[in-house]
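Peer 1:
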Amino acid sequence: MKIQIHTIAIAAIFGIFTSPSQWWLCSFLILHLFFTRHRLSVFAHILMVSTYLFFLVYTPFYISQQGTQLTPNTSMITGKIISTPVIDGKHMTFHFKLPHKETLMVNYQIQTEIEQKQLRKLYYGDRCSLSGTLERPPVNRNFYGFDYRTYLERSSNIHWIYKTNNLSSRECTRGNGLLVSLYRFRQNGIILINEEFPKELSGMMNTLIFGDRSGIDESLQEQYQSLGLIHLLAVSGLHIGTILGLFYFLMIRIGIVKETALWVLLLIIPFIIVLTGGAASVIRAGLMAVVVCLVALFRIKITTFSQLCMIFLGLLLYKPTFAYNIGFQLSFLITASLILSSKVILREISLFRQLLYGSFIAQLASLPIVIWNFYEFSFWSLPVNMIFIPFMTVFLLPCVLTTFCMFLFFPFPVWGILSDLLSVCFKILHAFMQWVETLPIGVITLGRPNVILMFGLSLSFYLFLIAWEKGGKRLISPCLCILLVLGIQLYYPKMNDKAFVTFLDVGQGDSIVIELPYRRAVYVIDTGGAITFKKEEWMERRRKFDTGEDIVAEFLKARGIRKVDALILSHGDFDHIGGVDGLLKKVKVERIVYGKSDHLEASEVEFLKGLDAPIVFLNENISWRVGSSSFQTLNPGQAKESRNNRSLVLFVKIHGNSFLFTGDIDQRVEARIISHYPGLKVDNLKIAHHGSESSTSSSFLNEINPQTAFISVGENNRYNHPSTTVIERLEERRTDIYRTDRQGGIMVIITPEGKRISTVLPKDDINTK
Amino acid sequence: MKCLYCKSIFVTSIGWRDLFGLDHEPLLCEDCRGELVFIEGEICRQCGRAFSLFPEKYRQNDLCSDCVEWNQKGRSISKNRSLLQYNSFLQEFMAQFKYRGDAELIKAFKSGLQTLFNKEFRDSILVPIPLSKERHFERGFNQSVLIAGLLDIPMLDALARPLHEEKQSKKSRLDRLGNRTLFSFKTGSEVHGKSIALVDDIYTTGATVEAAGKILLDHGARKVSSFTVARG
Numbered sequence: 017m018k019i020q021i022h023t024i025a026i027a028a029i030f031g032i033f034t035s036p037s038q039w040w041l042c043s044f045l046i047l048h049l050f051f052t053r054h055r056l057s058v059f060a061h062i063l064m065v066s067t068y069l070f071f072l073v074y075t076p077f078y079i080s081q082q083g084t085q086l087t088p089n090t091s092m093i094t095g096k097i098i099s100t101p102v103i104d105g106k107h108m109t110f111h112f113k114l115p116h117k118e119t120l121m122v123n124y125q126i127q128t129e130i131e132q133k134q135l136r137k138l139y140y141g142d143r144c145s146l147s148g149t150l151e152r153p154p155v156n157r158n159f160y161g162f163d164y165r166t167y168l169e170r171s172s173n174i175h176w177i178y179k180t181n182n183l184s185s186r187e188c189t190r191g192n193g194l195l196v197s198l199y200r201f202r203q204n205g206i207i208l209i210n211e212e213f214p215k216e217l218s219g220m221m222n223t224l225i226f227g228d229r230s231g232i233d234e235s236l237q238e239q240y241q242s243l244g245l246i247h248l249l250a251v252s253g254l255h256i257g258t259i260l261g262l263f264y265f266l267m268i269r270i271g272i273v274k275e276t277a278l279w280v281l282l283l284i285i286p287f288i289i290v291l292t293g294g295a296a297s298v299i300r301a302g303l304m305a306v307v308v309c310l311v312a313l314f315r316i317k318i319t320t321f322s323q324l325c326m327i328f329l330g331l332l333l334y335k336p337t338f339a340y341n342i343g344f345q346l347s348f349l350i351t352a353s354l355i356l357s358s359k360v361i362l363r364e365i366s367l368f369r370q371l372l373y374g375s376f377i378a379q380l381a382s383l384p385i386v387i388w389n390f391y392e393f394s395f396w397s398l399p400v401n402m403i404f405i406p407f408m409t410v411f412l413l414p415c416v417l418t419t420f421c422m423f424l425f426f427p428f429p430v431w432g433i434l435s436d437l438l439s440v441c442f443k444i445l446h447a448f449m450q451w452v453e454t455l456p457i458g459v460i461t462l463g464r465p466n467v468i469l470m471f472g473l474s475l476s477f478y479l480f481l482i483a484w485e486k487g488g489k490r491l492i493s494p495c496l497c498i499l500l501v502l503g504i505q506l507y508y509p510k511m512n513d514k515a516f517v518t519f520l521d522v523g524q525g526d527s528i529v530i531e532l533p534y535r536r537a538v539y540v541i542d543t544g545g546a547i548t549f550k551k552e553e554w555m556e557r558r559r560k561f562d563t564g565e566d567i568v569a570e571f572l573k574a575r576g577i578r579k580v581d582a583l584i585l586s587h588g589d590f591d592h593i594g595g596v597d598g599l600l601k602k603v604k605v606e607r608i609v610y611g612k613s614d615h616l617e618a619s620e621v622e623f624l625k626g627l628d629a630p631i632v633f634l635n636e637n638i639s640w641r642v643g644s645s646s647f648q649t650l651n652p653g654q655a656k657e658s659r660n661n662r663s664l665v666l667f668v669k670i671h672g673n674s675f676l677f678t679g680d681i682d683q684r685v686e687a688r689i690i691s692h693y694p695g696l697k698v699d700n701l702k703i704a705h706h707g708s709e710s711s712t713s714s715s716f717l718n719e720i721n722p723q724t725a726f727i728s729v730g731e732n733n734r735y736n737h738p739s740t741t742v743i744e745r746l747e748e749r750r751t752d753i754y755r756t757d758r759q760g761g762i763m764v765i766i767t768p769e770g771k772r773i774s775t776v777l778p779k780d781d782i783n784t785k
Numbered sequence: 435m436k437c438l439y440c441k442s443i444f445v446t447s448i449g450w451r452d453l454f455g456l457d458h459e460p461l462l463c464e465d466c467r468g469e470l471v472f473i474e475g476e477i478c479r480q481c482g483r484a485f486s487l488f489p490e491k492y493r494q495n496d497l498c499s500d501c502v503e504w505n506q507k508g509r510s511i512s513k514n515r516s517l518l519q520y521n522s523f524l525q526e527f528m529a530q531f532k533y534r535g536d537a538e539l540i541k542a543f544k545s546g547l548q549t550l551f552n553k554e555f556r557d558s559i560l561v562p563i564p565l566s567k568e569r570h571f572e573r574g575f576n577q578s579v580l581i582a583g584l585l586d587i588p589m590l591d592a593l594a595r596p597l598h599e600e601k602q603s604k605k606s607r608l609d610r611l612g613n614r615t616l617f618s619f620k621t622g623s624e625v626h627g628k629s630i631a632l633v634d635d636i637y638t639t640g641a642t643v644e645a646a647g648k649i650l651l652d653h654g655a656r657k658v659s660s661f662t663v664a665r666g
């Protein structure tokens, strides 16, 4: 029997992902070998096992080969820029290659608007000497968070961020060579389009021609993302295919022989890969095109699927860390699925059905990866894709390319008409997207499934596709399988008796998420908030970081939380309420709870008025129960107090474990609480005011006697929180201390039997001192 | 891959079932597979011929007029099922297989025959139609044994063909229907009370399997059916 190359590709991918912490992945290989023991020859099995073992050893070897040779105190460096520099407000970044082949990420803070303009003249290939300091890229600090350090290492072998303080285009010398010219052409093209075309068109044009998405509004990109259309903004196989198809057609039309035309295509493919930005999907599509041309030229008999597998293996051999790239995963998975389903798709005669089935299969294939990474999917994604894919590839993309070519080669006003027409098209398209977003039952948030459910989901999709391919009417059982897995994912929290209290790391600020047993209710206390200073227009970043949107809402989505029963805002300081708008934008909030007082400041009233949710005001000594969990407010009282001291203080008891959430109260309010509520005992104390010296008095600690203390505080914050005196007070009483600046996110898992604390960054006892 | 029949190089489009080896790889190229006509849809309950390729006027409910005729005379075979329609392509194909000794060809039908057998003859034991000694020597193999061998279940060599005579394919319909003493029973073969599936390459009039079936029934077989690659 012949060797089936896809079995080797499967072995390779498992080899890469198997690591000491994920050793169980090898069971998939064993299962595969077991199920195919009668089908495949011994030789094929040996080949699979050796491929697996090869990648198992090769991946860590490859990573260690790419290690750093720099020491942290390196200050002067010389090298060349090897990426198109990105300028985003005050921030400029690019990849920088040193003579010993190591790559750095260079960061520079632009000082003035004029400087910003001058720095646009830095290009790929420029050689510079820089001075500055090395920093390790930040690690992930929150549950389900994004680990920038690992990302940089895996995607670009970058181990250091170099913060430079002297950067100017005049001190750099221009590089030379074909590649440099291509990159310069691309960068200039992007600038030219931005300058010459209307704003609503230039962003899309740069995306479609040069694979540069930076010109598209962040919120528009999010819309593309949530409707499952983001692949249209990535240069993909469809895209490369359309461009090459146009070229080929033109050449044949003007009378070039097929063979010559194919050779010409082979020559221009590398150029297209560079010009369109060289993302993983572009490389895949480009290489596919190369193989297709070669197969046609030399009349090699090989299936498309084998071609894809060979490219896959080749790329993994070149760089095994490609396997971690989401674009790479999606690109190969979707292409493979479409090829494997070609029987099903081509069985249909009507073009509409072919399109329907094709889009459906692409959706299905990408769903596991989409849910894992983005925790949700949109039901409208399929119909919208069916409209957008043909419209984009058959109409808009050729039009955009023609407009750009006309712009380059013909004088005004021919391209002007087309560009106006295209602007209108995109406006209509985006208005349509906005309308779809408002439709009901759009997005369904599933949360990140665990590995078993992921496997179950993929398996039921596979069973579904097999049943479909057979053409039988036995689609019901695989459909039930899919619904069962999705149902378990949706309703598992409702059956789980564990409660989760999570202290999110929002930097300097508070944000706590309480999930009650059986998820009877989800409460969020505060949202954090990064303080931003007023900026001039040129300083504005494309994407503003927002703790509510980027940390709290992301965490809630990853947990599969679709609705927050109450957002409790302890008080009106920015580091507690700064992220409210961002959170409200992303997650449904039933009500907002705020401390009741007759002395609210004007700014507080204004802030509360602007919120798009019903507000409930609570003062002290109000209790309620949800299931077996009880809640009681202990502050604010009647007296006129400062904003901090009007903080809503909440006493919570879940499965016999008590928590006290204190906001930013000081010693005075602490004293009032212990006198008003004598006999108050607290197991888990949220230290008030980020560990400020004026709070957490000895007498308070003596009275409530906490076992564990949680300090929500920013790393290296300007207030020097938490104060050493507070830490000493806690240590004297042998209280276990958890700090978000040291441990990142902290999750308390409460079961009827007891509690367990899990942290994002490891906690060792030396660390807390 | 090389097509087993026309020897041209071909590639197969791969599907989901092939991914983990659930499907058998085809041994014939796309073109050759396109020439094959599988018997599907409505068939004659007894002789297994497809009604779709058969004039409607010869049909009587779920039987064909041939079978009605057979039944009047008394019949030993309870049913026949065939995989393919015997068309000119298959005629050439079988000729290459049988007369030109390309024994490997029959493997192209392995999975099809297995599926059909499992559907129709699940608990039967296989008895291949024998060849006379002379014919076996001349051909080098017995095609029925090769076909039965594809099914990976034990077969019973219960029959012998003592007479060497003209090939069935060289005789007329009446000639065929006339002869009844083609086969002899091999003494000692355990057929008593068993359900037997006779295996042959082609079913045309049914005379061969009918003759064989009668002998097996006479020796105590409970039920005899017939299983062939092609239906003439």
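Residue numbers (my numbering), protein chains in the order written: chain A, 17 to 785; chain B, 435 to 666.
The beta-carbon is built from N, C-alpha and C at its ideal position, and this holds for glycine as well.
#1: So what's L493(B) in DSSP terms, helix, strand or just coil?
#2: Can a CB atom of chain A be found closer than 8 Å to the CB of L539(B)?
#3: Let me check one thing: in DSSP terms, what residues is Y124(A) bridge-paired to?
#4: Kindly indicate which residue of I246(A), I284(A), K359(A) and H247(A) has the alpha-carbon position closest to the one of Y264(A).
#5: Is H671(A) closer than 8 Å to S708(A) when the C-beta atoms are compared?
#6: V386(A) lies in the alpha helix (DSSP H); which residues open and close that run?
#7: In terms of alpha-carbon separation, which member of T740(A), T751(A) and Q654(A) lies closest to V698(A)?
#8: Leaving out five residues on either side along the sequence, give the residues of the same chain with a beta carbon under 8 Å from the beta carbon of W176(A).
#9: Roughly how far, in whole angstroms, is the beta-carbon of I690(A) from the beta-carbon of I727(A), given that I think they are within contact range, below 8 Å?
#10: Mind pulling the chain A residues with CB within less than 7 Å of I448(B)?
#11: What do you reckon, is the C-beta of I46(A) under 7 Å from a heavy atom of the ligand PLP?
#12: Under 6 Å Cβ to Cβ from L146(A), same chain only, skipping five residues before and after it: list those, please.
#13: Please name the residues in the stretch 473 to 506 of chain A whose beta-carbon is closer than 9 Å to at least one beta-carbon of chain B, in chain order.
#14: In this structure, what does DSSP give as the bridge partners for K648(B)?
#15: Judging by CA-CA distance, which residue of C463(B), V579(B) and L453(B) is the nearest neighbour of Q20(A)?
#16: How about the stretch 26 to 39 of chain A and the stretch 53 to 69 of chain A: do they share at least three Cβ pairs that are nearer than 8 Å?
#17: Between V633(B) and L518(B), is the Cβ-Cβ spacing less than 8 Å?
#18: Using the Cα positions of I270(A) and Q450(A), report the straight-line distance between them to the nearest angstrom.
#19: Going along the stretch 358 to 378 of chain A in order, which residues come within less than 9 Å of chain B, judged by CB to CB distance?
#20: DSSP puts I753(A) in a beta bridge; with which residues?
#21: Buried or exposed, going by whether 16 or more other CB atoms sit within 10 Å of the CB of H111(A)?
#22: With distances taken between CB atoms, is the gap from S382(A) to L346(A) smaller than 8 Å?
#23: By DSSP, does R490(A) sit in helix, in strand, or in coil?
#24: Across which residues does DSSP place C144(A) in a beta bridge pair?
#25: Taking C-beta pairs closer than 8 Å, name the residues in chain A that I443(B) reaches, listed in chain order.
#26: Going along the chain, which residues of the stretch 40 to 56 of chain A sit with their C-beta nearer than 8 Å to a C-beta in chain B?
#27: If we cut at 8 Å on Cβ distances, does R451(B) have a partner in chain A?
#28: Answer with yes or no whether the minimum CB distance from H706(A) to chain B is below 8 Å.
#29: Express the C-alpha separation of T756(A) and K702(A) in angstroms, rounding to a whole number.
#30: Mind checking the stretch 533 to 557 of chain B against chain A and listing, in chain order, the residues whose C-beta falls within less than 7 Å of any C-beta there?
#31: Spatial neighbours of F404(A) within its chain, please: CB distance less than 7 Å, with the 5 preceding and 5 following residues excluded, ordered by chain position.
#32: Do we get a CB-CB distance below 8 Å when we pair H22(A) with the residues of chain B?
#33: By DSSP, does C498(B) sit in helix, in strand, or in coil?
#34: Could you have a look at P427(A) and say whether DSSP puts it in helix, strand or coil?
#35: Where DSSP assigns a beta bridge to N514(B), which residues make up the other side?
#36: Would you say F454(B) reaches chain A, if we count a Cβ-Cβ gap shorter than 8 Å as a contact?
Peer 2: In short:
#1: In the second sequence, the residue the question calls residue 493(B) occupies position 59. It should be noted that the sequence gives Arg, not Leu, for residue 493(B). Here DSSP, grouped into helix, strand and coil, assigns R493(B) to strand.
#2: The count along the second sequence starts at 1 and reaches residue 539(B) at position 105. No - not a single Cβ of chain A is within 8 Å of the one on L539(B).
#3: If you number the first sequence from 1, residue 124(A) lands on position 108. M108(A) and T180(A), per the DSSP bridge assignment.
#4: As a first step, residue 264(A) must be located in the first sequence, where it is residue number 248. Ranking the options by Cα distance to Y264(A), first place goes to I284(A).
#5: Working through the first sequence from its first residue, we reach residue 708(A) at position 692. Working through the first sequence from its first residue, we reach residue 671(A) at position 655. Against a cut-off of 8 Å, the Cβ pair of H671(A) and S708(A) comes out as no contact.
#6: In the first sequence, counting from the first residue as 1, residue 386(A) sits at position 370. Start and end: L367 to F390.
#7: Locating residue 698(A) in the first sequence gives position 682, where the first residue counts as 1. Closest by alpha carbon: T751(A).
#8: What you label residue 176(A) is simply residue 160 of the first sequence in a count that begins at 1. Correct list, in chain order: T84, L86, L120, M121, L150, E151, R152 and P153.
#9: Taking the first residue of the first sequence as position 1, residue 690(A) is located at position 674. Taking the first residue of the first sequence as position 1, residue 727(A) is located at position 711. With a Cβ gap of about 20 Å, I690(A) and I727(A) do not count as contacting.
#10: Locating residue 448(B) in the second sequence gives position 14, counting from the first residue. Neighbours of I448(B) on chain A, chain order: T319, F321 and L356.
#11: Looking at this structure, you won't find the ligand PLP or any other ligand, since it has none at all.
#12: In the first sequence, counting from the first residue as 1, residue 146(A) sits at position 130. Same-chain partners within the cutoff: I93 and T180.
#13: Y478, L481, I482, W484, E485 and K486
#14: In the second sequence, counting from the first residue as 1, residue 648(B) sits at position 214. In the DSSP output, where bridge partners are listed per residue, K648(B) has none listed.
#15: Numbered from 1 along the first sequence, position 4 holds the residue referred to as residue 20(A). Closest option to Q20(A), Cα to Cα, is L453(B).
#16: yes
#17: Taking the first residue of the second sequence as 1, we reach residue 633(B) at position 199. Taking the first residue of the second sequence as 1, we reach residue 518(B) at position 84. Taking 8 Å as the Cβ cut-off, V633(B) and L518(B) do not qualify as a contacting pair.
#18: For this step, residue 270(A) is matched to residue 254 along the first sequence. For this step, residue 450(A) is matched to residue 434 along the first sequence. Each residue's Cα considered, the two are about 43 Å apart.
#19: For the stretch 358 to 378 of chain A, residues whose beta-carbon sits nearer than 9 Å to a beta-carbon of chain B comprise S358, K359, V360 and L362.
#20: Position 737 of the first sequence, counted from the start, is the residue given in the question as residue 753(A). BP columns for I753(A) point to A725(A).
#21: Position 95 of the first sequence, counted from the start, is the residue given in the question as residue 111(A). Flag for H111(A) reads buried.
#22: Working through the first sequence from its first residue, we reach residue 382(A) at position 366. Working through the first sequence from its first residue, we reach residue 346(A) at position 330. Contact flag set, yes.
#23: Start at 1 with the first residue of the first sequence, and residue 490(A) comes out as number 474. Residue state for R490(A) is assigned as coil, using DSSP reduced to three classes.
#24: Within the first sequence, numbered from 1, the residue matching residue 144(A) stands at position 128. Under DSSP, C144(A) takes part in a beta bridge, and its partners are G95(A).
#25: Residue numbering aside, residue 443(B) sits at position 9 when the second sequence is read from its first letter. Correct list: K317.
#26: H48, F51, T52, R55 and L56
#27: Stepping through the second sequence from its first residue, residue 451(B) is reached at position 17. True, the Cβ-Cβ gap to chain A drops below 8 Å.
#28: Stepping through the first sequence from its first residue, residue 706(A) is reached at position 690. H706(A) does not count as touching chain B.
#29: Taking the first residue of the first sequence as 1, we reach residue 702(A) at position 686. Taking the first residue of the first sequence as 1, we reach residue 756(A) at position 740. So the alpha carbons of these two residues sit roughly 11 Å apart.
#30: none
#31: In the first sequence, counting from the first residue as 1, residue 404(A) sits at position 388. So the list reads L245 and L248, once near-sequence residues are dropped.
#32: Start at 1 with the first residue of the first sequence, and residue 22(A) comes out as number 6. Closer than 8 Å: yes.
#33: Your numbering for residue 498(B) matches position 64 in the second sequence. Here C498(B) sits in strand by DSSP.
#34: Position 411 of the first sequence, counted from the first residue, corresponds to residue 427(A). DSSP places P427(A) in coil when its eight states are reduced to three.
#35: Numbered from its first residue, the second sequence carries residue 514(B) at position 80. For N514(B), which the question treats as bridged, DSSP gives the partners S660(B).
#36: As a position in the second sequence, residue 454(B) is number 20, starting the count at 1. It does: the Cβ of F454(B) has a partner Cβ on chain A nearer than 8 Å.
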